[in-house]
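Going by full-length UniProt numbering, the residue at position 167 of the sequence shown is 167; the numbering climbs one at a time, nothing skipped.
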Amino acid sequence: ATALRWGGLWGLLRLDLSGNRLALLPPGMFSHVPSLQQLLLSNNSLVAVYSGTFSGMDHLETLDLTHNAFGTFRNDALQELERLGNVRILLGDNPYTCSCEIREFVTWLNDSRAQVDVDAVRCVSPAGVTNVRLQGLTVQAIGCVSPVLPEVTDLTLQTSYVFLGLVLGLVGMIFLFVLYLNRNGMKKWIIETRDACRDVLEGYHYRYEIDSDPRLGRIAADSSR
């Protein structure tokens with residue numbers, strides 16, 4: 001990076017850094033070679049592309065990232081590649097793991113305007129999709145379930161609440177109808193219950209008066225004789 005910055009390479013058109021065991025490309029690393037048209041980075045140990053890595057490369061025509069250690073490309077990396085425009089991007093022969101985490105990369109391969117060597121971009125694992133092209137893979141093939149949209153979830157909840165309200169309303173109507181059919185029996189039961197409660201209360205009241213007044217207790221005892 002230091003050599004690129006201070007080496008006076010403003011007019012450089014082709015840069016080959018293949019096989020240099022590079023593991024990281026700092027943001028802005030190539031901003032001092034703005035005329036660069038071909039950047040070859042194959043056979044290194046790169047695992048990620050970061051935002052700003054290729055900033056200032058307005059004349060780039062070919063970017064070679066083959067034979068590295070990329071397992072997928074995250075959203076920020078895909079945005080960085082997309083900013084390069086209609087360039088030739090070689091991404092083949094990397095150990096891509098075709099699990100749910102690779103979904104954004106698959107979508108980008110299907111929609112990007114970049115010229116990608118899609119036939120060489122293939123799954124290394126898992127076993128069920130080994131050597132299968134990433135482009136065109138479905139979410140089912142990579143073990144993903146499409147996310148449920150919030151609007152759909154809200155609509156489902158609203159429908160459930162409406163259905164529950166209808167069921168409760170129907171149960172209430174049936175209960176009231178049963179009460180109406182048995183109104184005479186209910187009335188009789190209420191009257192009998194009321195009378196029974198009144199008799200119990202009167203008994204308690206009478207017992208309380210006897211217990212509180214000894215004279216009434218003696219009168220009650222004499223009458224029992």
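C-beta atoms are modelled at their ideal positions from N, C-alpha and C, and glycine is treated no differently.
Taking one beta carbon from each stretch, the stretch 99-113 and the stretch 124-143 have 3 or more pairs nearer than 8 angstroms; the two touch. DSSP, read as helix, strand or coil, puts Gln79 in helix. In terms of Cβ geometry, Cys123 and Val129 form a close pair [threshold 7 angstroms]. For the options Glu101, Asp64, Gly92, Ala69, the alpha carbon positioned closest to that of Leu84 is the one of Asp64.
Among the bridge pairs identified by DSSP, Val116 is matched with Ile89. Note: Gln38 is bridge-paired with Arg14, Thr62 in the DSSP secondary-structure output. Three or more Cβ pairs drawn from the stretch 60-74 and the stretch 39-47 lie within less than 8 angstroms of each other, which places the two stretches in contact. Judged by DSSP secondary structure, Val33 falls outside any alpha helix (DSSP H); it is assigned neither H nor E. In terms of Cβ geometry, Leu40 and Asp58 do not form a close pair [threshold 7 angstroms]. For Val47, there is no enclosing alpha helix (DSSP H), as DSSP marks it with neither H nor E. With fewer than 16 other Cβ atoms inside 10 Å of its own Cβ, Met186 counts as exposed.
Rounded to whole angstroms, the Cβ separation of Ser51 and Glu80 is 6 angstroms, and the two are in contact under 8 angstroms.
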